[in-house]
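Colleague:
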């Protein structure tokens with residue numbers, strides 16, 4: 147009876163088009179990604195602008211957050227932040243760029259240090275914090291963009307009270323861009339960053355002029371500091387304590403490393419030794435950090451001195467938009483409106499940068515671990531998932547910038563701390579004692595900052611824990627659902643193994659699955675006798691043993707290398723290393739079938755013990771109930787029973 151295959155619906159085809167728009171050349175990420183073409187990319191300063199839409203856009207809300215956290219000490223606390231940025235985060239990420247020049251970042255560096263399930267769970271935890279960082283970037287940036295829109299004097303009467311709706315619309319528009327198909331618009335990023343920084347420079351110069359010409363402003367500030375905190379040592383101590391609350395100013399470094407593959411580098415660069423790309427990425431990171439540090443210090447100074455403290459609080463006109471407040475106050479509503487439009491644009495585009503980071507990061511790990519469904523390799527379904535989560539986060543935080551600051555800072559600090567630890571370990575392995583001590587001190591500073599931020603604002607780690615729990619649950623359920631999937635990407639046989647298969651192809655192809663023990667003559671002789679007895683087979687010697695050794699059972703996809711050998715001058719044995727015995731056996735049988743055109747047979751013993759316990763052994767350790775699982779993998783991989791390899795169990 148003929149069967150008619152219905153073509154996939156247009157909607158399904160559109161949703162699953164390509165594996166990843168972000169990949170551009172097929173879209174695979176992780177181990178199956180097509181290599182980045184040599185010498186392709188953009189000049190480092192253009193790529194810096196792509197990073198800058200995330201990093202520099204924090205000027206839209208960072209001065210206000212600093213003023214709320216540190217009050218009159220905001221400039222001093224910001225100086226501490228700048229010192230930590232230039233002497234801490236910058237050296238760390240320059241080393242990350244050197245160790246991980248293909249955009250994997252510190253997560254990949256730490257992944258290499260841990261194996262088996264503990265490594266996978268550790269990476270999933272870091273992915274949870276990375277998801278916190280990027281998703282809160284989307285929602286916080288959209289919330290701050292809507293704040294600038296609502297607080298504009300020309301629009302307050304019309305849009306007042308609708309900030310939640312506006313934020314959701316901005317998030318939805320971001321999703322619409324990616325559903326249409328997003329390619330990094332480097333030119334747009336350059337234009338946005340250039341205009342935004344130029345406008346901020348005008349505001350800073352104007353603010354400094356007003357501070358310098360109105361002498362009482364500085365005097366009033368210093369007098370208030372003295373009254374409130376006493377001497378300068380107390381001020382420095384308080385600034386050090388308050389500094390962790392300003393951690394949002396450290397965002398952007400992880401994105402800076404993630405965009406490394408877009409950096410052009412030198413003509414002599416290769417994928418193995420991209421020296422020019424590494425050098426130019428270090429320039430990118432350094433230039434961005436210096437520019438941002440200058441703006442952080444000057445903006446915190448002028449906003450603290452020129453804006454009344456009450457205006458920074460929720461409901462105040464400077465809440466979440468301190469520099470916009472100064473733009474309207476000192477340069478007029480026309481310039482202020484232009485500044486608002488620029489700020490809204492770069493904040494919205496910062497969400498695009500974060501979404502691009504998510505779409506590049508998650509497919510790099512989860513599908514490779516078997517911890518995401520197949521459609522997670524396609525951009526559009528993942529965009530819908532992330533946008534729905536962003537809607538939920540926006541609703542939970544009431545589209546409020548201040549409420550989301552803790553969660554954002556937690557994600558940023560955990561990633562920076564993990565990067566600092568990763569480069570410390572890398573320096574120690576390289577025998578660089580000075581760098582090891584230096585990076586160790588930096589790691590301690592960031593760990594202190596992270597802990598202090600968590601204690602001060604536990605909502606950040608709570609939302610991070612929710613993301614981690616969600617990723618863990620979905621990942622384990624996906625791994626469970628895909629347990630019986632044929633997950634061998636390729637099979638390669640050495641000459642001896644091919645000789646065994648060609649020899650059997652003229653007769654019946656019979657394999658015996660054997661769990662290697664002593665591998666002595668008696669083991670193989672007794673195994674053949676047992677298989678004959680269990681299956682009531684006539685006397686014959688035409689068997690080939692297959693022995694699978696489990697390497698790392700936490701890996702999902704694997705490549706098989708099959709080696710043949712003759713033991714005791716009599717027994718032919720194929721040996722394989724894999725993450726799962728049943729999957730390896732199924733892949734080998736299908737490969738032999740396709741190679742010879744004959745249907746292979748494989749013989750097993752039943753596994754003793756509880757079936758459920760044996761299934762858990764298979765799920766976690768790649769062993770256990772081998773015979774029925776091998777058959778199930780074959781059933782899913784080959785629906786045609788006539789072409790399916792035969793499994794015999796006695």
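Numbering (the numbering used here), first residue to last: 147 to 796.
The C-beta atom is built at its ideal place from N, Cα and C for all residues, glycine as well.
Just grab the DSSP bridge partners of residue 799 for me.
Modeller: Because the chain spans 147 through 796 in this model, residue 799 falls outside it and cannot be assessed.
Colleague: Who are residue 636's beta bridge partners in DSSP?
Modeller: Bridge partners of residue 636: 705.
Colleague: Tell me the start and end of each unbroken alpha helix (DSSP H) in the region 532-586 that is at least 4 residues and wholly inside, in chain order.
Modeller: 547-575
Colleague: Can you look up residue 441 in the DSSP assignment and give me helix, strand or coil?
Modeller: helix
Colleague: What did DSSP end up calling residue 300 once you bin it into helix, strand or coil?
Modeller: coil
Colleague: Which stretch, first to last residue, makes up the beta strand (DSSP E) that contains residue 375?
Modeller: No beta strand (DSSP E) holds residue 375; the alpha helix (DSSP H) holding it covers 361-375.
Colleague: Can you tell me whether DSSP reads residue 463 as helix, strand or coil?
Modeller: Coil, per DSSP.
Colleague: Near residue 637, what residues of its chain come up, given a Cβ to Cβ distance below 7 Å and the 5 sequence neighbours on each side ignored?
Modeller: 706, 708, 733, 734 and 737
Colleague: Looking at the structure shown, is residue 250 part of a helix, part of a strand, or coil, going by DSSP?
Modeller: coil
Colleague: If you drop the 5 nearest sequence neighbours on each side, which residues of the same chain put their C-beta closer than 6 Å to that of residue 263?
Modeller: 700
Colleague: Considering Cα atoms alone, identify which of 243, 189, 490 and 236 is closest to residue 396.
Modeller: 236
Colleague: My output table needs one value for residue 180: the three-state DSSP class, helix, strand or coil.
Modeller: Here residue 180 scores only 38 on pLDDT, less than 50, and its place in the model should not be relied on; the value that follows carries that caveat. Here residue 180 sits in coil by DSSP.
Colleague: To which residues of the same chain is residue 240 closer than 7 Å at the C-beta, ignoring the five residues directly before and after it?
Modeller: 428 and 431.
Colleague: Going by the DSSP bridge assignment, what does residue 201 pair with across the sheet?
Modeller: Partner(s): none; residue 201 has no beta bridge.
Colleague: Would you kindly work out how many angstroms separate the C-alpha atoms of residue 369 and residue 380, rounded to a whole number?
Modeller: 15 Å
Colleague: Using only the alpha-carbon positions, how far apart do residue 463 and residue 582 sit?
Modeller: 47 Å
Colleague: From residue 656 to residue 572, what does the alpha carbon distance come to, in whole angstroms?
Modeller: Rounded to the nearest angstrom, the two C-alpha atoms are 49 Å apart.
Colleague: Taking the alpha-carbon positions, what's the residue 216 to residue 349 distance?
Modeller: 22 Å
Colleague: Does the beta-carbon distance from residue 731 to residue 783 come in below 8 Å?
Modeller: no
Colleague: So, helix, strand or coil for residue 526, using DSSP?
Modeller: helix
Colleague: State yes or no: is the C-beta of residue 552 within less than 8 Å of the C-beta of residue 606?
Modeller: Yes. Within cutoff.
Colleague: So, is residue 245 buried or exposed, given that buried needs 16 or more other C-beta atoms within 10 angstroms?
Modeller: buried
Colleague: Compare the Cα-Cα distances from residue 563 to each of 511, 608, 205 and 272 and report the closest residue.
Modeller: 272
Colleague: Among 597, 201 and 640, which residue has its Cα nearest to the Cα of residue 710?
Modeller: Selected option, being the one with the closest Cα: 640.
Colleague: Please classify residue 416: does DSSP put it in a helix, a strand, or coil?
Modeller: DSSP places residue 416 outside both helix and strand once states are collapsed to three, so it counts as coil.
Colleague: Please report the residue range of the beta strand (DSSP E) in which residue 617 lies.
Modeller: Premise fails: residue 617 lies in the alpha helix (DSSP H), 604-627, not in any beta strand (DSSP E).
Colleague: Closest to residue 788 by CA distance: which of 795, 747, 400 and 776 is it?
Modeller: 747
Colleague: Have a look at residue 404 and residue 510 and give me their C-alpha separation to the nearest angstrom.
Modeller: 12 Å
Colleague: Which word fits residue 374, buried or exposed, when buried means at least 16 other C-beta atoms lie within 10 angstroms of its C-beta?
Modeller: exposed
Colleague: Mapping DSSP to helix, strand and coil, what is residue 245?
Modeller: Helix.
Colleague: Measuring straight from C-alpha to C-alpha, what distance separates residue 294 and residue 303?
Modeller: Answer to the nearest angstrom: the Cα atoms are 14 Å apart.
Colleague: For residue 680, which residues of its own chain have a beta-carbon under 6 Å away from its beta-carbon, when the five flanking residues on both sides are left out?
Modeller: Hits under 6 Å: 796.
Colleague: State the CB to CB distance for the pair residue 559 and residue 209, rounded to an integer number of angstroms; the pair is presumed to be in contact (CB under 8 Å).
Modeller: Actually they do not touch by this definition, with Cβ atoms about 20 Å apart.
Colleague: Where does residue 796 sit, in a helix, a strand or coil, going by DSSP?
Modeller: Here residue 796 sits in coil by DSSP.
Colleague: List the whole-angstrom C-beta distance separating residue 275 from residue 438, where the pair is believed to meet the contact cut-off of C-beta under 8 Å.
Modeller: Their Cβ separation, rounded to whole angstroms, is 22 Å, which puts residue 275 and residue 438 out of contact at 8 Å.
Colleague: Relative to the C-alpha of residue 512, which candidate in 619, 537, 476 and 398 has its C-alpha closest?
Modeller: 619
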